[in-house]
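Just so we're aligned, residue -2 is where the sequence shown starts under our numbering, counting upward by one.
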Amino acid sequence: MAAQRRRRPAARQAKGPFRHERMTLIIDGYNLLHATGLGGEGSGRTSLERSRLALLKFLVRSVDEAERATTTVVFDARHAPPGLPATLSYRGITVRFAAGYENADELIEELIRADSSPRRLTVVSSDHRLHRAAHRRRAKAVDSEIWYAEMERRRMTATTETADETPTKPTHAAPGELEFWLSRFTDESEAARPDVDDIFPPGYGEDVEA
-2 MAAQRRRRPA ARQAKGPFRH ERMTLIIDGY NLLHATGLGG EGSGRTSLER
48 SRLALLKFLV RSVDEAERAT TTVVFDARHA PPGLPATLSY RGITVRFAAG
98 YENADELIEE LIRADSSPRR LTVVSSDHRL HRAAHRRRAK AVDSEIWYAE
148 MERRRMTATT ETADETPTKP THAAPGELEF WLSRFTDESE AARPDVDDIF
198 PPGYGEDVEA
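This is the structure we're talking about:
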């Protein structure tokens, strides 16, 4: 009788919101911005523009390239300037503006309800109103601080494994963190194309306090 083949044990899959499978991400933009401390110490339009840009650059380097196509960042736009587009794209990541909504939460709740595969959806926000909306659809929800810390842990691990000389940063933005992300995530192609970062229309976000 032929010997029975031993079945290989199934690969163990990480549990929780950080398991390694392609997920859909919906990110509460300003909530994550404040959670990371990337808001900087300044105030006014210029500081806010730089902070948003630093956040998007951080996301580009933190989210796998294949997953950027299923990542959406939602920003408030209650008092948006005329002509603000509803959707823009930043290096594969979808940027949505909540124009016509009371706040970003309303748009995010709508996106959660419309998602066709909620079990593969993760909502990043510390707003527990959004946590409840996600859980109603059996989606995952994670606080912005926790998600940011996990992305930083992964980045530092990858840096160690590849012997990258890039200095590591703390899990919460310290003074100078904004400048770090802005300089670290500007490669030669971006330097040659200053327009690549100019995705926020003039006048957008002037009513939002950094």
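Beta carbons are placed, not taken as given, at the ideal position from N, Cα and C, and that holds for glycine.
Whole-angstrom distance between residue j and residue i, CA atom to CA atom
i: residue 20; j: residue 44; result: 32 Å
i: residue 113; j: residue 47; result: 34 Å
i: residue 62; j: residue 56; result: 10 Å
i: residue 104; j: residue 89; result: 20 Å
i: residue 144; j: residue 92; result: 19 Å
i: residue 100; j: residue 76; result: 10 Å
i: residue 49; j: residue 31; result: 10 Å
i: residue 33; j: residue 58; result: 15 Å
i: residue 110; j: residue 26; result: 19 Å
7 Å Cβ shell around residue i - same chain, five flanking residues per side excluded
i: residue 117; result: 20 and 21
i: residue 28; result: 122, 123, 124 and 141
i: residue 185; result: Here residue 185 scores only 40 on pLDDT, less than 50, and its place in the model is too uncertain to base an answer on.
i: residue 126; result: 102
Residue from the options whose Cα sits closest to the Cα of residue i
i: residue 67; options: 30, 51, 24 and 141; result: 24
i: residue 72; options: 59, 115, 102 and 138; result: 102
i: residue 147; options: 26, 53 and 60; result: 60
i: residue 70; options: 108, 98 and 79; result: 108
Residues that residue i bridges to, as DSSP identifies them
i: residue 124; result: The partner list for residue 124 (beta bridge, DSSP) is empty, contrary to what the question assumes.
i: residue 55; result: None; residue 55 has no bridge partner.
i: residue 118; result: 21
i: residue 93; result: 71 and 84
i: residue 139; result: 121
Beta-carbon contacts of residue i that lie in its chain and below 6 Å, excluding the five residues immediately before and after
i: residue 128; result: 138
i: residue 65; result: 89 and 90
i: residue 106; result: 130
i: residue 115; result: 134, 135 and 136
i: residue 208; result: Outside the displayed span of the chain (-2 to 207) sits residue 208, for which this structure offers no information.
Any C-beta of chain C under 8 Å from that of residue i
i: residue 116; result: Absent from the structure: chain C. Only one protein chain is present.
inquiry  = Taking contact to mean 3 or more Cβ pairs, one atom from each stretch, closer than 8 Å, check whether the region 146 to 156 and the region 118 to 132 are in contact.
reply    = no
query = Would you call the region 73 to 86 and the region 106 to 124 touching, i.e. three or more CB-CB distances under 8 Å?
reply = no
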